[in-house]
Every structure is written in structure tokens, then in C-alpha cells.
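A.B. asks: The structure under discussion is supplied below as C-alpha cells; questions concerning it will follow.
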Amino acid sequence: MKIMLIGGLGFIGKHLIRRIRNLGKTHELSVFDNSEAKLRNLNFINNNKLKIEVGDIRDKDCIEEALLKYRPEMIVHLAALTGIGRCNENPSFAFSVNVFGTYNVIEACKELSTKLIFISSGAVYGESKSGRTSEDEPLNPNNIYGLTKLLAENLVRWGASKFNLEYTILRLTNVYGPEGDKYGIQIMIKKALKDRKIQIFGKKQQMNLVYIEDVVDAINHCLINPLSSKQTFNIGSNNSLPINEIVLKIIEILNLGIEIEYLPMRHGETSTFRPDLSKSEEILGYNPKTDLFTGLKKTIDWYQNELKNR
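Here you go:
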């Protein structure tokens, strides 16, 4: 199968590339990403012998040329400006990448009848209104990031109705694991190792954490399972805990004297979100395997080794 990863040199993309490479020659893989991402990842690109197309997702012609060149049967669309803070600071850029960029991908897909796996976010829901939030719950995002993902989802569904686009939408919760330096848990771990300090925005809000390899499992299910077409799935875990408890687990694993600094909760942050995973379990066979302690331990070990190597 010919697979293209758009935004494939980011946190999730690199883990997915390793998984696909481990499958042997079953898949023909190409990656579309920007020049900055390429420069940051030259060793990774060379080690994995990747076919790279450099361009900007906001450039419609550039996306179309890349798809016509590689003619993928599947696209995993990972490119996005993520994070509440980054999107709030630069909403125009968030809309141009997350919304207009997705529109360009959809337009390019229709020329080749390519299936699109769109990586969305649990941020499209806003607050959980019940014990666990299913895919059919109302969508009411609290922040710019969630809003841009919701608009992009609507574009994907529009493409399905207008062009019969084959798609799968995955709404991820908070992904953590080795690498992914811009993500919340990794930022906390790095600051703890460097400064012996962790900052918490708020205290009681709950986070649902999902380990990176479980996310890769979910994407892989969508690549091979025809029942995933024209469906939307929650991808998360049963690890929903107050942020304060998560930080205490990190400190326990580190076994260091760590100062906790409590800061005001950020504007637009969700207080409680717990995904209902029954649909993804039933149709995809998705079963998150990594418990929180194990996932945090693997992540911390990776950053400690990275620090030693430096």
C-alpha cells in the first residue's frame, strides 16, 4: 500500500514511521513536511531512507503536486498547529494551517480517490457533559485549537458528501511519550530534570493521557480496517486523572526533590474530559495497552538518557 504522512516528521509521525518500517516492505511510504522539519530531522530521514516532499500545507498547488507525484492510496494528515497556548497566541496562523491547510489536502485527495485519515482532537467536545463522552455528543470547543479542529472535521465530512471522499477521523486525547517536546507532559518532565521544578496551570482539571504507541496502534488499525471508513473515533485511554495527581506520579518516578509551582488555569482550558472508547474498541479493535505508570516511566527514562547523551 502507498501511504503518505502529511506532517510526518512530528511527534506522532516519527513513531508511526518506525512502526510502518518495522512491518517490512508491506507499505511504500512518503512524507510531506516543511523545510524546517526536514532540517531538524536529517538523521532520522537518512536512517529511515524516507522519501521526503518539502512544502507548505497552506500552498494548495504544492500539496497537489506531491500527491500526483507519489499517488498515495492512504494519507495520514498529521500537520497542525497544536496546543491551546500556541493557537491562542497566533489564531490567524492556527486557522491557516489547521483549517485552510486541511481544505487543500481534501482538494488534492479528490483527484486521486485517496482515503484520508484525519488526526483531530478531543478538544472539539469542550467539557464532558456526562460520565464519558461518546462520538455523538454535542461539539462545543472551549478554545481556538478545538475550534480549528472542528472546522477541519466539517471540511472532511463536506468532502465526503461532495466528492465521496473516503475518510476516518480520529479524536485524540492528550498524547505523551518519548520525544514530542512541545506536548504538556514532556514539557513537565524536561523542566523537572533541568530545573527541579514543574509548573501546573490550575490544579484540579482532569487530563486523559494516551501513550504514543497506543495512538500508533489506532492509526494502524485504520490503515487496514475497511470498517473504519466514513467513521469518527475517540482515541484515548482509561487514564483520566487530575493534573496534580499526574505530576505527583512523575515526581515519584523521578525520585528527586521537585518544586511544584501552581499557576492560574489557562483561558480556554477544559476542566474535565473522559472519552467513551466503546466504538473504537468494537469497530477498530482498539485497546490501549499502556498503563499510566508504565508510560510515564518509559517517557522519563527516554529523557534521562537523552540528557546523559548530551
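Residue numbering for the sequence shown follows our numbering, starting at 3 and increasing by one per position.
Glycine included, each C-beta is placed from N, C-alpha and C at the ideal position.
Keep in mind it's a predicted model, so treat the numbers as computed, not measured.
1) According to the neighbour-count rule (16 or more other Cβ atoms, all chains shown, within 10 Å of its Cβ), is Ser136 buried or exposed?
2) Of all the options Pro93, Leu258, Ser282 and Asp35, which has the alpha carbon lying nearest to the alpha carbon of Gln306?
3) Suppose you measure from the CA of Asn236 to the CA of Tyr213; what does that come to, to the nearest Å?
4) Over what stretch of residues does the beta strand (DSSP E) that includes Val212 continue unbroken?
5) Between Val249 and Lys205, what straight-line distance do the alpha-carbon atoms span, to the nearest angstrom?
6) Among the residues of its own chain, which have a CB less than 7 Å from the CB of Asp58, if the five just before and after it don't count?
7) For the alpha helix (DSSP H) that contains Thr296, what are its first and last residues?
8) Within its chain, find whatever has a CB closer than 6 Å to the CB of Gln188; leave out the 5 residues flanking it on each side and keep chain order.
9) For His269, which option in Lys196, Ile77, Gly85 and Gly9 has the closest C-alpha, if you only look at C-alpha atoms?
10) Within the same chain, show all residues whose beta-carbon is closer than 8 Å to that of Ile285, passing over the 5 residues directly before and after it, in chain order.
11) Between the alpha carbons of Ile121 and Ile255, how many angstroms are there, rounded?
12) Where are the beta strand (DSSP E) runs, 3 residues long or more, that stay fully inside the segment 60 to 126, in chain order?
C.D. replies: With the structure as the only source:
1) One-based indexing of the sequence shown puts residue 136 at position 134. It is exposed - the Cβ of Ser136 has fewer than 16 other Cβ atoms within 10 Å.
2) Position 304 of the sequence shown, counted from the start, is the residue given in the question as residue 306. When only C-alpha atoms are compared, the closest one is Leu258.
3) The count along the sequence shown starts at 1 and reaches residue 236 at position 234. The count along the sequence shown starts at 1 and reaches residue 213 at position 211. Cα to Cα, the separation comes out at about 14 Å.
4) As a position in the sequence shown, residue 212 is number 210, starting the count at 1. Run containing Val212: Gln208 to Tyr213, per the beta strand (DSSP E) assignment.
5) The sequence position of residue 249 within the sequence shown is 247, counting from 1. The sequence position of residue 205 within the sequence shown is 203, counting from 1. The alpha-carbon atoms of Val249 and Lys205 are separated by roughly 10 Å.
6) As a working note, residue 58 is residue 56 in the sequence shown. Answer for Asp58: Asn36 and Cys64, listed in chain order.
7) Translated into positions along the sequence shown, residue 296 becomes position 294. Here the alpha helix (DSSP H) through Thr296 covers Leu294 to Asn311.
8) Start at 1 with the first residue of the sequence shown, and residue 188 comes out as number 186. Result list for Gln188: Gly182, in chain order.
9) Residue numbering aside, residue 269 sits at position 267 when the sequence shown is read from its first letter. Cα-wise, what sits closest to His269 is Gly85.
10) The residue given as residue 285 occupies position 283 in the sequence shown. Only Asn227, Leu229, Ser230, Gln233 and Phe235 meet the Cβ criterion.
11) Here residue 121 is taken as the residue at index 119 of the sequence shown, counted from 1. Here residue 255 is taken as the residue at index 253 of the sequence shown, counted from 1. Each residue's alpha carbon lies about 31 Å from the other.
12) 76 to 79 and 117 to 123
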